[in-house]
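With the first letter of the sequence shown counted as 1, position 34 gets the number 34 in full-length UniProt numbering; the numbers rise by one all the way through.
Scroll down for the structure; my scribbles are underneath it.
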Amino acid sequence: MYFEKLDLMNLTSVTNISPENRCYAQFILMLPNEEIEMKVEDYENGEEWKGYILTATKLSVPVCMSLLPGQQTRMNEVLEKEKKRRAASEQCYYEVSRQEAIELLEKNPSLGNLILRPGSDSKNYSISIRYLAEVPCIKHYKVVKLETGYKIQLERPYHTRFEH
Numbered sequence: 001m002y003f004e005k006l007d008l009m010n011l012t013s014v015t016n017i018s019p020e021n022r023c024y025a026q027f028i029l030m031l032p033n034e035e036i037e038m039k040v041e042d043y044e045n046g047e048e049w050k051g052y053i054l055t056a057t058k059l060s061v062p063v064c065m066s067l068l069p070g071q072q073t074r075m076n077e078v079l080e081k082e083k084k085r086r087a088a089s090e091q092c093y094y095e096v097s098r099q100e101a102i103e104l105l106e107k108n109p110s111l112g113n114l115i116l117r118p119g120s121d122s123k124n125y126s127i128s129i130r131y132l133a134e135v136p137c138i139k140h141y142k143v144v145k146l147e148t149g150y151k152i153q154l155e156r157p158y159h160t161r162f163e164h
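Have a look at this one:
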């Protein structure tokens with residue numbers, strides 16, 4: 001069995017691949033930059049997983065699926081949990097360019113002073129921050145993904161030695 005965490009927030013569609021027999025379910029998750037083929041050994045479980053994926057990403061229970069009452073209840077529970085999860089997290093990530101981030105921060109100071117956005121290399125992230133000093137200024141920091149987490153690249157790196 002193989003597991004991998006996937007970010008499905010930008011899911012565009014789910015396409016069924018009809019197996020010759022109904023021993024398993026197979027479908028393709030369409031994302032902006034990739035296609036992910038999923039195969040679930042049991043057809044009914046596969047259809048249910050497809051329902052969970054669509055419910056969580058589209059924030060609605062799919063009407064095109066034939067769900068049993070228990071499945072419908074579980075889908076509604078997933079829907080409510082996902083709505084609460086999204087409402088609880090503050091929005092600071094925006095799919096904007098560096099210039100758009102500058103404009104947002106300058107024109108909307110009451111909405112905050114930080115934007116997390118895609119990096120120019122499309123692999124990493126950037127943080128744009130509006131500082132209020134004598135003269136307001138905006139600085140940008142590159143956030144690089146590492147195997148163990150993320151590293152923020154600063155203009156003047158700060159190093160410290162920790163002693164026990």
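Cβ coordinates follow ideal geometry from the N, Cα and C atoms, glycine included.
Looking only at its chain, what residues have a beta carbon closer than 7 angstroms to the beta carbon of residue i, apart from the 5 residues adjacent to it on each side?
i, result
"residue 40", "24, 25, 46, 49"
"residue 141", "126, 127, 152, 153, 154"
Going by the beta-carbon positions, is the gap between residue i and residue j smaller than 8 angstroms?
i, j, result
"residue 67", "residue 75", "yes"
"residue 96", "residue 130", "no"
"residue 59", "residue 79", "yes"
"residue 57", "residue 111", "no"
"residue 105", "residue 113", "yes"
Within a Cβ cutoff of 6 angstroms, which residues of the same chain sit near residue i, ignoring the five residues on either side of it in sequence?
i, result
"residue 93", "116"
"residue 35", "28"
"residue 144", "124, 151"
"residue 7", "none"
"residue 165", "Outside the displayed range of the chain (1 to 164) lies residue 165, so it cannot be described from this structure."
"residue 82", "56"
In its own chain, which residues sit with a C-beta less than 8 angstroms from the C-beta of residue i, not counting the 5 before and 5 after it?
i, result
"residue 71", "48, 51"
"residue 14", "27, 28, 29, 30, 50, 53, 54"
"residue 102", "128, 138"
"residue 22", "43"
Using CA atoms only, rank isn't needed, just tell me which of the options is closest to residue i.
i, options, result
"residue 137", "55, 145, 107", "107"
"residue 4", "15, 17, 37, 22", "37"
"residue 18", "43, 149, 99", "43"
"residue 98", "122, 85, 84", "122"
"residue 16", "65, 9, 33, 81", "65"
"residue 132", "91, 109, 87", "109"
Report the partner residues of residue i according to the DSSP bridge assignment.
i, result
"residue 105", "BP columns for residue 105 are empty, so no partner."
"residue 64", "Bridge partners of residue 64: none, in fact."
"residue 114", "129"
"residue 13", "30"
"residue 38", "27"
"residue 149", "146"
"residue 138", "130"
Using a C-beta cutoff of 8 angstroms, does residue i count as contacting chain B?
i, result
"residue 9", "No chain B is present in this structure, which holds just one protein chain."
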